[in-house]
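Following: one structure in structure tokens, then a few remarks.
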Amino acid sequence: MAEILLQHGLLVACGLFVIGLIGVLVRRNLLFQLLSIEIMLNAAGMAFVIAGARWGEADGQVMFIFILVMAAAEVAVGLALLLRVSRGVSNLDGDAVSAMRG
Amino acid sequence: MNFLFYFSSAIALLAAALAISRRNVFHALLYLVVSLLAVAAIFMSLAAAFAAVLEIIIYAGAIMVLFIFVVMMLNLGKRSTEEEAGLLKPMMWAGPGFLALALLFELTIVALRGGGAVTGGPGVGPKEVALSLFGPYLIGVELASFLLLAGLVGAFYLGSQARPSEEEK
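Take a look at the structure:
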């Protein structure tokens, strides 16, 4: 097992999170935004696993499993919504679906 | 083993950065798979084997397959790629990118001010995770199953509404 500093692990998780955040903010394609949200969730789970490894507790990996479940549910609903949006909008632009009709 | 952590961290960050900057969706998905596999390697280096295996099976396997199915169903052509290229001018991404990097700077300072605690030790095996998951966290498992059921029903409902109108085309 690696004897790494906790900070270094958390820094990698922060870096991944910020990369995902940049993706959500910069890209206007809904598919890329969903993809970036996956990166962000993955980074959050990674922070839990690293902290769990630091204290030798199983809780970190348990939380990682919960995040995994949430990511799976989120991506299923998100992609179904995307398929629905793709009927009306030709290019999956997030700005093109800013108006909703109840 | 120390080398494994830093090497796979570099790959994970690089692949994630490449994934969000591609114009073609398939290229982005391939880079994302590499990034997820690198994160699994990080988990292995931390002796969190169960998390590493779940990362590969569910993230790099199931979720990525879902993405690829949707990309195939959408059938995005060359036109979409060109439109995406038009949206990726420096003027568009410089502002949000700068703000997000400022956030990274702030997080770096906060992380480096903490004590130099070392991770590692014997590692956490699947047995401990399972005992914890089905012991104190049992209610969480039940709630996760509710969430998955809600996601299934929601995705089915949204998908079933999309179908008839596609036949109209």
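Residue numbers (the working numbering), protein chains in the order written: chain A, 41 to 142; chain B, 45 to 213.
We put the CB at the ideal spot given by N, CA and C, even for glycine.
Predicted model, so just to flag it, every value in this text is computed and none were measured.
Coarse secondary structure for N46/B, derived from DSSP in three states: Here residue 46/B refers to the residue found at position 2 when the second sequence is read from its first residue. DSSP places N46/B in helix when its eight states are reduced to three.
First and last residue of the uninterrupted alpha helix (DSSP H) at F57/A: Along the first sequence, one-based indexing puts residue 57/A at 17. Counting along the chain, the alpha helix (DSSP H) containing F57/A begins and ends at L46 to V66.
Residues sharing a beta bridge with N69/A, DSSP: If you number the first sequence from 1, residue 69/A lands on position 29. Per DSSP, D133/A.
Contact set between G55/A and chain C, taken where Cβ atoms lie within less than 7 Å: Any reference to chain C falls outside this structure, whose protein chains are A and B.
Start-to-end residues for the alpha helix (DSSP H) that takes in A106/B: Indexing the second sequence from 1 puts residue 106/B at position 62. Segment: none, A106/B is in no alpha helix (DSSP H) and carries neither H nor E.
Cβ contact (3+ pairs, closer than 8 Å) linking the stretch 166-184 of chain B and the stretch 73-82 of chain A: no
Three-state class that DSSP yields for S138/A in the structure shown: Indexing the first sequence from 1 puts residue 138/A at position 98. S138/A: coil per DSSP, three-state reduction.
Nearest-angstrom Cα separation, counted from A139/A out to A84/B: What you label residue 84/B is simply residue 40 of the second sequence in a count that begins at 1. What you label residue 139/A is simply residue 99 of the first sequence in a count that begins at 1. Their backbone Cα atoms lie some 40 Å apart in a straight line.
Closer than 8 Å to chain B by CB, V115/A: Your numbering for residue 115/A matches position 75 in the first sequence. Judged by the 8 Å Cβ criterion, V115/A is in contact with chain B.
Chain-ordered chain A contacts of G105/B [CB-CB under 8 Å]: The sequence position of residue 105/B within the second sequence is 61, counting from 1. Ordered by position in chain A, no residue passes the 8 Å Cβ test against G105/B, which lies about 11 Å from the chain.
Closer than 8 Å to chain B by CB, L61/A: Taking the first residue of the first sequence as 1, we reach residue 61/A at position 21. Yes, its Cβ sits closer than 8 Å to a Cβ of chain B.
Straight-line Cα distance separating I100/B from I79/A: Locating residue 79/A in the first sequence gives position 39, where the first residue counts as 1. Locating residue 100/B in the second sequence gives position 56, where the first residue counts as 1. Approximately 14 Å between the Cα atoms of the pair.
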